[in-house]
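First residue of the sequence shown? That's 15 in this note's numbering, and the numbers climb one at a time after it. The C-beta atom is built at its ideal place from N, Cα and C for all residues, glycine as well.
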Amino acid sequence: MKKLVLLLSVWVAMVGCMPTIQVVTLRGSNVSPSQEGLAMDNDTLTLRYNFASERGLMQLSIVNKLNKPLYVDWKRSSFIIGQDKVDYWSDVSDVHLSGSASRYSRYASSVYLGGTIKKQEPIAFIPPQTKLEKKQFVVVPQGSVRLTGPSTIEQEKAKWTDRKKPVDIVNYAYSADQSPLTFRNYLTLSTDKDFKTEFTIDTKFWASDVKVLPRDQILTQQTSTTYDGRGYYIPAVFKQPDAFYVQLPTQ
Numbered sequence: 015m016k017k018l019v020l021l022l023s024v025w026v027a028m029v030g031c032m033p034t035i036q037v038v039t040l041r042g043s044n045v046s047p048s049q050e051g052l053a054m055d056n057d058t059l060t061l062r063y064n065f066a067s068e069r070g071l072m073q074l075s076i077v078n079k080l081n082k083p084l085y086v087d088w089k090r091s092s093f094i095i096g097q098d099k100v101d102y103w104s105d106v107s108d109v110h111l112s113g114s115a116s117r118y119s120r121y122a123s124s125v126y127l128g129g130t131i132k133k134q135e136p137i138a139f140i141p142p143q144t145k146l147e148k149k150q151f152v153v154v155p156q157g158s159v160r161l162t163g164p165s166t167i168e169q170e171k172a173k174w175t176d177r178k179k180p181v182d183i184v185n186y187a188y189s190a191d192q193s194p195l196t197f198r199n200y201l202t203l204s205t206d207k208d209f210k211t212e213f214t215i216d217t218k219f220w221a222s223d224v225k226v227l228p229r230d231q232i233l234t235q236q237t238s239t240t241y242d243g244r245g246y247y248i249p250a251v252f253k254q255p256d257a258f259y260v261q262l263p264t265q
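The following block contains the structure:
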């Protein structure tokens, strides 16, 4: 009996200390949900956004459906939070250095430095029937989504344990004008290199649904064993392409 009480106490402590996450589902003004995220499709291009990551690293892909090149002007494209814009392109270079040292006497030595200097092109060239991908911005780089308004609670069977007690999942639903998280992505494109046929795509995103739940209900870790009998965990991959997750501080 004492052993059973002890086991129950340990289990309650483990559940109480389990990390909690927010799962933030996004919607957009001119994109629709698809198996690969949020997408826009027309005769010129297919534009896709995939956010499946921690904190929402935005993966942008542009497929050129034309039989001629497509151009993106990164100088006039921005990621926008509120009224603050963050430009895709800036006139700076990335410098990567590597070095080695040699000594030829007790009192003298020499150091050799080598490296590369990379500078992003302000205009991207997308050949016909090809795809461009870009990962540059994080939706929630720090903190968490500040939740407002009413919520509902639903219950699910726990996925990380055999316990019979269901898991409580707190749900918040938002319209575009009431969401606590909104941002935009603004792109300038053209079908000619001089941008005489310039057009823009301005997409407003918002958090349409936020769930608060135990981390392992979504990110259950799997145990694997190596050939020598040692076990290790394989972290689960978050696979919802129109959403991202934020781990909340433990209480």
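- Collapsing the DSSP output to three states places residue 49 in coil.
- Taking the C-beta atoms as reference points, residue 226 is found no nearer than 8 Å to residue 38.
- By the criterion of a C-beta distance shorter than 8 Å, residue 205 is surrounded in its chain by 58, 80, 82, 83, 84, 85 and 211, once the five residues flanking it on both sides are discounted.
- Distance from the CA atom of residue 170 to the CA atom of residue 233, rounded to whole angstroms, is 15 Å.
- Assignment of residue 230 by DSSP, reduced to helix, strand and coil, places it in the helix class.
- Between residue 174 and residue 136, the gap from beta carbon to beta carbon reaches 8 Å or more.
- By alpha-carbon distance to residue 221, the top candidate from 201, 256 and 208 is 256.
- Taking residue 94 as reference, the option from 152, 180 and 162 with the minimal CA-CA separation is 152.
- Your pair residue 181 and residue 172 checks out as a contact, with CB atoms roughly 5 Å apart and the cut at 8 Å.
- Counting only runs of 4 or more residues that sit fully inside the segment 154 to 233, no alpha helix (DSSP H) segment turns up.
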